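If you're matching positions, the first sequence starts at 0 in numbering that gives the first Met the number 0 and goes up one per residue.
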Amino acid sequence: MSKYLVFDRETENHEHRKRFSSPFYDKNWTVALGWKKQGDKQCSALYFPTKEDEKPLQIDKDVSILVGHNLKFDLLFGWEDPALKAFFKRGGRIWCTQYAEYLLEGMHPDSHMIAMDQIAEKYGGRKKVDAVKAMWEAGFLTSQIDKDMLLDYLIGTKEEKRNSGDIGNTELIFLGQIKRAMKLGMMTMIQARMDGLLATTEMEFNGLKIDVPEAARRMKIMESELAITEKELESYIPELPVGLTFNWNSNTHKSCLIFGGTVKYKKSARYIDPKTGKYARKKATEEWPLFDGEPVDPKEATIDKDSGLYFIEDNCEQGGGYTCGMEISGSCEYCSCTGLDTRYQDVFTSGKKKGAGRFKKVDVPGEFKTKIQDFFFEFPGYTTPDPKWQGALTDGQGDSIYSTNDEVITELGSRDIPFLKAMAKRSALVKDLGTYYVRYDDKKKDYKGMLTCVLPGTHIVNHSLNHTNTVTSRLSSSNPNLQNIPRGDTSEVKKMFISRFDGGKMLEVDYSQLEVVVQGMLSGDKNLCQDLRDKVDFHCKRVSAWKKVTYDEAKKWCKDEKDPKYPEWKVYRTNAKVFSFQRAYGAGANLISQYTGMPIDDVKDLIEAEEIMYPGVTEFNDSVEKTVKRNAQAFKDWARDGKVYRRGHWQAPTGTMYTFRSYDAPDYLREKGVTDTFMPTEMKNYPVQGTGGEIVQIILGRLFRRFVETDNYGGLALMCNTVHDCVWFDFMPDVQEELCRDVKEIMESVPEVLKELYDMDVDVPFPVELEIGDNLYDKQVIHI
DNA sequence: TGTTAGAGCGCC
DNA sequence: AAAAGGCGCTCTAACA
């Protein structure tokens with residue numbers, strides 16, 4: 000009799016290396032562990048006041064499935080527990096209620112990363128103790144929360160007979176989800192994906208080893224290149240007013256510099272007080288000496304050193320005296336006065352201060368007030384923008400900002416603008432340094448970039464592989480994102496990824512054009528499947544259909560460098576390649592023509608040729624569209640505009656459900672009275688993208704089982720990462736042969752796996768390519 | 001001071 | 001025919 004075991008941890012919640020409650024930080028541990036085994040009348044829990052008290056989850060032999068919400072988190076905290084290892088060894092499986100909910104909801108955006116509290120009630124559970132959540136939100140550590148309160152939160156209160164809380168809710172959700180999954184025909188698919196979740200848990204646990212000295216070396220080189228480039232760029236910036244610093248990161252600045260425009264900048268400066276019409280000033284008072292009862296500005300008086308009193312030497316009213324610079328002696332030459340009249344400051348005549356000078360507090364104009372104000376500076380510009388580069392933002396004057404992205408800069412290449420190359424180089428360096436190395440953010444006083452996630456000592460970076468964050472059921476990666484590491488032809492970043500083993504290697508295994516294979520599989524198009532079996536070069540095939548020559552001719556002329564036709568036909572192939580990628584995303588003829596520079600009629604010819612060659616693909620796309628439209632239901636989108644839209648779905652043969660929403664119709668349909676339409680591009684792409692992702696994930700599950708079986712090849716090979724159609728491994732050469740053979744066999748066994756799980760008859764191969772190297776940059780294709 | 005939208009760009 | 005799909009990170013600019 001096999002049973003389920005629901006469990007959950009409340010862990011110490013320090014953030015470390017961008018990871019919330021990181022299981023890889025030694026200051027975090029399981030503060031409270033709760034569980035309920037199938038058949039138990041109530042939940043159980045253990046409380047561990049310190050890390051030293053911590054005990055592992057006990058998993059009885061009759062337990063066959065572990066259940067939890069966001070289960071990867073709880074698994075990582077005990078990933079090396081012998082009990083858990085033994086559990087997997089005997090074939091134990093998992094069910095993550097967060098992941099299952101996301102799949103059951105057809106990956107609807109509202110179901111991404113969904114919190115338990117948001118679904119507990121719909122499965123008959125109840126909301127949990129708010130006070131605990133409030134304390135976390137207020138920044139308390141889990142260990143600072145009252146033990147009883149925490150346990151109430153975890154397993155329910157005494158009034159709830161200790162059969163609620165996180166654990167009780169999870170059980171109810173699990174049982175409800177099983178029913179839903181059976182009804183929707185999604186049970187097998189969910190189970191298979193759960194094994195994929197185990198694989199990514201293993202990958203997160205293993206992480207990637209970073210060659211920190213190499214990274215530091217590269218960084219130094221890049222930083223000095225950056226300094227040189229920025230120095231060069233400086234000379235192209237016109238003289239700027241104080242307070243405005245040109246920022247090469249700012250799209251506004253770049254657009255204004257290149258195309259002309261007004262940059263708004265802020266500076267602290269004086270301003271006119273509307274009440275007085277003069278510059279605003281601060282209030283101030285001064286002690287002024289009194290002369291005959293009238294206060295006089297001390298600046299106009301002199302201090303008598305002996306008495307400490309102020310005195311004034313009044314000038315002759317007739318204009319004589321100091322003002323004319325004349326020496327005064329005796330009488331004034333303009334009149335009969337005796338030159339200067341010295342008057343002394345008033346003094347107290349009695350009391351304590353008798354004899355001391357009298358003063359009065361007088362309001363005087365204080366310092367000028369300043370405030371941060373907008374200033375404007377107009378750049379003349381170097382060239383005129385193409386209107387199609389116009390963006391949504393405006394400059395200081397309200398004129399349009401134009402895009403200065405890579406595409407535009409390339410297009411500007413033919414115009415004589417001297418700094419474009421340096422600017423592009425700077426952008427590339429800043430992107431690499433800021434995203435994949437490390438860069439100090441002056442404003443936030445914080446470091447940015449992938450290397451900030453590297454653990455000290457081990458130099459391992461543990462990324463997150465997220466299962467519930469996309470609408471297509473693909474995975475995503477974050478903190479850091481290890482699914483967008485620049486390829487070898489873009490940057491040398493991949494050199495940083497090395498083996499953690501002494502003398503070890505890295506292995507990357509890719510599916511060859513997975514999405515084309517999936518397109519063939521889903522559509523069942525006879526020609527496409529045959530071409531996949533024949534391993535034709537699809538780009539040459541498209542060229543042959545487009546230029547009306549045979550496939551063999553096209554292939555020779557496109558690929559044989561010695562052929563006289565090669566230079567011309569190579570370009571055809573490149574265009575066909577771009578065409579096929581664009582087409583996969585559903586782009587129309589217009590856009591492809593614009594993007595490739597091919598005449599629109601040529602693009603239309605290619606599209607037509609495609610449809611004649613692979614009619615099954617069009618039929619498949621049409622059938623998805625029909626299905627979605629047929630089952631669509633209206634809903635009011637309050638988050639958007641409160642208007643009525645529709646949502647429909649299409650279910651793949653594996654059981655995966657894709658949901659689609661409608662959007663405001665484009666103008667040409669609006670004129671015909673249509674208010675909302677589904678996006679044909681989404682409907683074409685989701686099934687292919689999603690099924691490709693799904694296949695990789697279930698294969699990851701198979702790989703995980705093999706790694707469990709072999710104890711990670713005796714501890715000499717590790718699964719590390721996956722990027723949609725590829726898998727990364729870290730291994731010792733000792734096990735290379737066995738590892739490569741297994742990985743290739745398992746990854747290429749897609750048709751067998753799909754037959755076994757879903758009784759699908761798949762007649763296309765899923766070939767993979769293996770590459771090995773000392774790092775993920777310098778790798779060689781290997782053949783087995 | 002922190003949040004958010006937009007742009008840009010890395011990957012598949 | 002007509003609407004280029006999916007992510008996450010960094011940066012700026014605007015706003016509360």
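Glycine residues also receive a C-beta, built at the ideal position from the N, C-alpha and C atoms.
Just so you know, these numbers come straight off a predicted model, no measurement behind them.
Can you name the start and end residues of the beta strand (DSSP E) that residue i belongs to?
| i | result |
| --- | --- |
| Trp-787 | Limits of the chain in this structure are 0 at one end and 783 at the other, which puts residue 787 out of reach. |
| Asn-465 | 463-465 |
| Gln-632 | 632-636 |
| Cys-95 | 92-95 |
| Ala-300 | Note, Ala-300: premise wrong, no beta strand (DSSP E); not H, not E. |
| Ile-783 | Taken as a continuous stretch (DSSP letters only), Ile-783 belongs to no beta strand (DSSP E), as it is neither H nor E. |
| Val-131 | Not the beta strand (DSSP E): Val-131 falls in the alpha helix (DSSP H), residues 129-136. |
| Val-407 | Here Val-407 belongs to no beta strand (DSSP E); instead the alpha helix (DSSP H) covers 405-411. |
| Ala-421 | Note, Ala-421: premise wrong, no beta strand (DSSP E); alpha helix (DSSP H) at 419-430. |
| Asp-64 | A small fix is needed here, since residue 64 is Ile in this sequence, not Asp. Where Ile-64 is concerned, the enclosing beta strand (DSSP E) stretches over 62-67. |
| Asp-445 | 445-447 |
Among all the DSSP beta bridges, which residues are the ones paired with residue i?
| i | result |
| --- | --- |
| Asn-168 | DSSP lists no partner for Asn-168. |
| Thr-658 | His-648 |
| Gly-772 | Met-505, Lys-778 |
| Val-453 | Val-460 |
| Ile-209 | Phe-496 |
| Ala-119 | Answer by DSSP bridge pairing: none, since Ala-119 is not bridged. |
| Arg-669 | According to DSSP, Arg-669 bridges with nothing at all. |
| Phe-358 | Pro-288 |
| Ala-82 | Paired residue(s): none; Ala-82 is not in a bridge. |
Under a Cβ-count criterion, where at least 16 other Cβ atoms within 10 Å of its own Cβ denotes burial, should residue i be classed as buried or exposed?
| i | result |
| --- | --- |
| Arg-486 | exposed |
| Glu-326 | Legend: pLDDT at Glu-326 = 46, less than 50; position of this residue unreliable, no value from coordinates given. |
| Val-767 | buried |
| Trp-637 | exposed |
| Phe-139 | exposed |
| Glu-609 | buried |
| Pro-379 | exposed |
| Gly-195 | buried |
| Gly-90 | exposed |
| Glu-170 | buried |
| Leu-450 | buried |
| Tyr-3 | buried |
| Val-492 | buried |
What first and last residue would you give for the alpha helix (DSSP H) that runs through residue i?
| i | result |
| --- | --- |
| Met-718 | Careful: Met-718 lies outside any alpha helix (DSSP H), inside the beta strand (DSSP E) at 716-721. |
| Tyr-571 | 565-583 |
| Gly-519 | 513-522 |
| Thr-680 | 679-708 |
| Arg-18 | Run containing Arg-18: none; DSSP gives neither H nor E here. |
| Arg-541 | 537-546 |
| Thr-471 | It is not in any alpha helix (DSSP H) - Thr-471 carries neither H nor E in the DSSP assignment. |
| Asp-604 | 599-612 |
| Gln-529 | 525-532 |
| Glu-755 | 749-757 |
| Val-742 | 735-746 |
| Leu-4 | Taken as a continuous stretch (DSSP letters only), Leu-4 belongs to no alpha helix (DSSP H), being part of the beta strand (DSSP E) at 2-10. |
Whose C-alpha, out of the options, is nearest the C-alpha of residue i?
| i | options | result |
| --- | --- | --- |
| Pro-479 | Leu-454, Glu-377, Ile-497 | Leu-454 |
| Val-643 | Pro-652, Arg-660, Gly-615, Thr-655 | Arg-660 |
| Pro-364 | Arg-280, Glu-222, Lys-387, Ser-426 | Arg-280 |
| Trp-727 | Leu-717, Glu-736, Glu-406 | Leu-717 |
| Lys-50 | Gly-259, Ser-223, Gly-77 | Gly-77 |
| Phe-765 | Tyr-571, Glu-751, Glu-136 | Glu-751 |
| Arg-342 | Glu-366, Phe-358, Thr-301, Lys-368 | Thr-301 |
| Asp-621 | Pro-679, Gln-529, Leu-232 | Pro-679 |
| Thr-674 | Pro-273, Asp-663, Glu-681 | Asp-663 |
| Gly-714 | Asn-720, Val-722, Arg-705, Thr-721 | Arg-705 |
| Glu-784 | Val-695, Leu-481, Arg-646 | Residue 784 is absent from the structure shown; the chain starts at 0 and stops at 783. |
| Glu-231 | Gln-696, Gly-307, Lys-420, Lys-282 | Lys-420 |
| Ser-43 | Asp-52, Asp-116, Val-5 | Val-5 |
Run the proximity test for residue i: is its beta-carbon closer than 7 Å to any non-hydrogen atom belonging to the ligand GTP?
| i | result |
| --- | --- |
| Leu-590 | For the ligand GTP, the structure offers nothing, since it holds no ligand at all. |
Report task. Taking 8 Å as the threshold, find out whether the region 107-118 comes into contact with the region 454-472 through three or more Cβ pairs. Result -> Judged by Cβ distances under 8 Å, the region 107-118 makes contact with the region 454-472, as three or more pairs qualify.
Query raised in the report: Quick one: any contact between the region 351-364 and the region 259-274, if contact means 3 or more CB pairs under 8 Å?
Result: Contact fails: fewer than three Cβ-Cβ distances are below 8 Å.
**Report entry** Cβ contact (3+ pairs, closer than 8 Å) linking the region 491-502 and the region 512-524
**Finding:** These segments do not touch.
Report task. Indicate whether the contact test is met: 3 or more Cβ pairs, each with one atom in the region 457-467 and one in the region 725-745, closer than 8 Å. Result -> No, the region 457-467 does not touch the region 725-745.
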